[in-house]
Every structure is written in C-alpha cells, then in structure tokens.
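Student: To convert, note that position 234 of the sequence shown is 234 in my numbering; the numbers rise steadily by one, no gaps.
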Amino acid sequence: MKNEYLLLTPGPLSTSETVRQAMLKDWCTWDDDYNKEIVEVIRSKLVALATSQSGYTSVLMQGSGTASVEATIGSAIAKDGKLLVVDNGAYGARIAQIADYLNIACTVIAPGETARPSLEAVEAALAEDETITHVAVVHCETTTGMLNPIEQVTALAKRYNKVVILDAMSSFGGIKMDVAELGVDFMISSANKCIQGVPGFGFVIAKQTELEKCKGQARSLSLDLYDQWQCMEKNHGKWRFTSPTHTVRAFYQALMELEQEGGVEAREARYTKNQRTLVQGMRKLGFETLLGDELHSPIITSFYSPSHSDYQSKHSMTA
Numbered sequence: 001m002k003n004e005y006l007l008l009t010p011g012p013l014s015t016s017e018t019v020r021q022a023m024l025k026d027w028c029t030w031d032d033d034y035n036k037e038i039v040e041v042i043r044s045k046l047v048a049l050a051t052s053q054s055g056y057t058s059v060l061m062q063g064s065g066t067a068s069v070e071a072t073i074g075s076a077i078a079k080d081g082k083l084l085v086v087d088n089g090a091y092g093a094r095i096a097q098i099a100d101y102l103n104i105a106c107t108v109i110a111p112g113e114t115a116r117p118s119l120e121a122v123e124a125a126l127a128e129d130e131t132i133t134h135v136a137v138v139h140c141e142t143t144t145g146m147l148n149p150i151e152q153v154t155a156l157a158k159r160y161n162k163v164v165i166l167d168a169m170s171s172f173g174g175i176k177m178d179v180a181e182l183g184v185d186f187m188i189s190s191a192n193k194c195i196q197g198v199p200g201f202g203f204v205i206a207k208q209t210e211l212e213k214c215k216g217q218a219r220s221l222s223l224d225l226y227d228q229w230q231c232m233e234k235n236h237g238k239w240r241f242t243s244p245t246h247t248v249r250a251f252y253q254a255l256m257e258l259e260q261e262g263g264v265e266a267r268e269a270r271y272t273k274n275q276r277t278l279v280q281g282m283r284k285l286g287f288e289t290l291l292g293d294e295l296h297s298p299i300i301t302s303f304y305s306p307s308h309s310d311y312q313s314k315h316s317m318t319a
C-alpha cells in the first residue's frame, strides 16, 4: 500500500500506511468489538485530548466537518437565540451561512481574511446586543492559516455569559488546548485533519450541561446532536444511522499513532518545525507569505502566487 502521493492541502491529509491498512477489514455496526472497543474508546480519548477536567463528553457525527458544524449550530441555539460570528475567512463565513439557512438570527464581525478580529469590536457587539446568546469563532482559519485569538474571544464571551462554539477543524490534535480552561462549550473538528485520519465523520466535544439543553432544538433529523449523543450514551457507542465503519477504524489507528508520537505537544512541535522550514525555503525561492509570521498557525501556510511571467503563463493554460 505504498503511496508516494503527498497531499499539500489543508485536509484531507496524507495518511500513514498503517492508517490505510486499518480499513481493510469489514466491521458490523451492531457488534461490541466495534461499538465498545473502538467507538467508545475513541470518544473517551477525544475528551482526554480536549481537556483534563470533568464535565465534557463527545459525539461523533457522520459526514464532513461542516456537517458537524451545522449539527452544532442547528442543535445548540434555541429558536429565540442569536449567534455572534467572528468571520475572517471562508469557514467563519460558512458558519454565518449555516445560521442564515437555519433562520437563526446572526451578527457577523468580519475584519477581512488577513486580519485578526478586533477584540474591541467583539466586546462592543456583546455589550450593545443583549439578545446574543452564542458566540462562534474559528481557531485556525483554514482559508489562510490565520490563528485567531481564541483565549481573548472566549474570555469576552464568558464575561457576558455567552455559550461558546469553537470550530477547531484545522487545529485540534495539532495545537495544545484545554477547552474547559478556555471556556469552550462546543468544540468541533473532524477525522481527516490533525489527528491524521481519513474523511468520513466529524466530532463535537461538548460541555455536558450545555449539550443536555439541546434536547428538542435540532432543526434536522440526521444532524440532531443531542439525539446522536443519547444514542451513543445509551447503546455503548451505537450510531443512530449507518456508521462509517472503515473511517472510524482508521481514526482509531490514527489516535494510537498520535499517542506513539508523543501526543499533541510532540505533533505541534513537528508541525511548527516543518512550517518554519517550509517558509524559510519558499522565501529563499522568492515567495511571499500571505500573513505575517505573528499571525500564522503551524499547520496551514498561504503564499501569494508568483508574479513571474512563466508562472502566470502556465497558470493561465491550466485554469
């Protein structure tokens, strides 16, 4: 199963041979060796990666990472709730788009794709509009690699007693964090990002007291976060609808390999070293980063397209 093809994209990522090999066996979604020994282990390991504190649980959701974002937005916010979205990239904008589709009242702070959000603007929005109930922010904006100041944003949200939804799609497992210390109520990520699994499902790590409030609020049957959680809780890891068994087994293997590497801290150190090496080499070749070094995550790096005529000619022929 040699695979020399490298994916230089923000996800899905290149996977190890052993992760791919884990998908060679079929699994029955009703059997204990799948639900109890794989799904339930994954759920507990995800919570342990997210926080050392009690009171959190995890829910796995079929589909893309965006499906888990939509499940959270559509389940966590009541009909009379209102969402404040920090949007400085395509994925912040997508959260606002989801809210619009679901008829959820929404205020957007959009500083542009190359700027971090103004904390003054965030606080002003919270102070001026008491109807805001939830705040959503992307940790690592996949569009550019921007690392947003989630510590400060979540601190402001908690000062005004708001529920915090964190899209950590491109950072969880690659950047050390503790969601309880941050005050995050719902954190969303997916199998095919920093854990280095394959696409097929996302997951939500939630404060249990907030997740319990989601009962009966979902705007979708298949994306009902509360019902999915209840099914897994009551049936030892059973999914409500067809589970992506091969993807789940590959993710289990990817989690084992994360532990073997030394955990999130070791992976973050490797990513950081690789990112610095990449930037140094690209700059020597004349490339310019889209963001300043102080804004970059160690995971995703964006560069301006070269202005050289040879590149422009080739680009126009392949466009």
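Cβ atoms here follow ideal geometry from the backbone N, Cα and C, with glycine treated the same way.
1. Roughly how many angstroms lie between the CA atoms of L147 and H296, to the nearest whole one?
2. Identify which residue in R43, I109, Q21 and Y34 has its Cα closest to the Cα of I205.
3. Just to check my reading of the structure: L285 and A71 have Cβ atoms closer than 8 angstroms, yes? What is that Cβ distance to the nearest angstrom?
4. So, does the region 132 to 149 touch the region 163 to 182, judging by three or more C-beta pairs under 8 angstroms?
5. Measure the C-alpha to C-alpha separation of V179 and L119 and round it to an integer number of angstroms.
6. Pick helix, strand or coil for Y374, following the three-state DSSP scheme.
7. Within its chain, find whatever has a CB closer than 6 angstroms to the CB of H246; leave out the 5 residues flanking it on each side and keep chain order.
8. Return helix, strand or coil for Q62, following the three-state DSSP convention.
9. Within 10 angstroms of its Cβ, does C106 collect 16 or more other Cβ (buried), or is it exposed?
10. Could you spell out the range, first to last residue, of the beta strand (DSSP E) harbouring K82?
11. Sort out for me which residues DSSP pairs T57 with in a bridge.
12. If I follow the unbroken beta strand (DSSP E) through M187, where does it start and stop?
13. Just tell me which of V108, N103, A78 and E40 has its CA closest to the CA of V86.
14. Considering T107, what are the terminal residues of the beta strand (DSSP E) in which it resides?
15. Between D310 and Y304, what straight-line distance do the alpha-carbon atoms span, to the nearest angstrom?
Tutor: In short, the structure shows the following:
1. Within the sequence shown, residue 147 is the residue found at index 147, counting from 1. Within the sequence shown, residue 296 is the residue found at index 296, counting from 1. Near 6 angstroms, if we compare the C-alpha coordinates of H296 and L147.
2. Taking the sequence shown and counting its residues from 1, the one referred to as residue 205 is at position 205. Of R43, I109, Q21 and Y34, the residue nearest in Cα terms is R43.
3. On the sequence shown, residue 285 is found 285 positions in, with the first residue counted as 1. On the sequence shown, residue 71 is found 71 positions in, with the first residue counted as 1. Contact doesn't hold; Cβ gap of about 42 angstroms is too wide.
4. yes
5. Position 179 of the sequence shown, counted from the first residue, corresponds to residue 179. Position 119 of the sequence shown, counted from the first residue, corresponds to residue 119. If you take the alpha carbons of V179 and L119, they lie about 20 angstroms apart.
6. With the chain covering 1 to 319 only, the question about residue 374 has no answer from this structure.
7. Numbered from 1 along the sequence shown, position 246 holds the residue referred to as residue 246. Only M23 meet the Cβ criterion.
8. For the purposes of this step, residue 62 is taken as residue 62 along the sequence shown, with counting starting at 1. Strand at Q62.
9. The residue labelled residue 106 in the question sits at position 106 within the sequence shown. So C106 ends up on the buried side.
10. Indexing the sequence shown from 1 puts residue 82 at position 82. Unbroken beta strand (DSSP E) run through K82: K82 to V86.
11. The residue labelled residue 57 in the question sits at position 57 within the sequence shown. DSSP, once it has assigned bridges, lists A206 as partnering T57.
12. Working through the sequence shown from its first residue, we reach residue 187 at position 187. Residues F186 to S190.
13. Mapped onto the sequence shown, residue 86 falls at position 86. It is V108.
14. As a first step, residue 107 must be located in the sequence shown, where it is residue number 107. Looking at the DSSP string, the run of the beta strand (DSSP E) that includes T107 is A105 to I109.
15. As a position in the sequence shown, residue 310 is number 310, starting the count at 1. As a position in the sequence shown, residue 304 is number 304, starting the count at 1. Spanning the two alpha carbons is a distance of roughly 15 angstroms.
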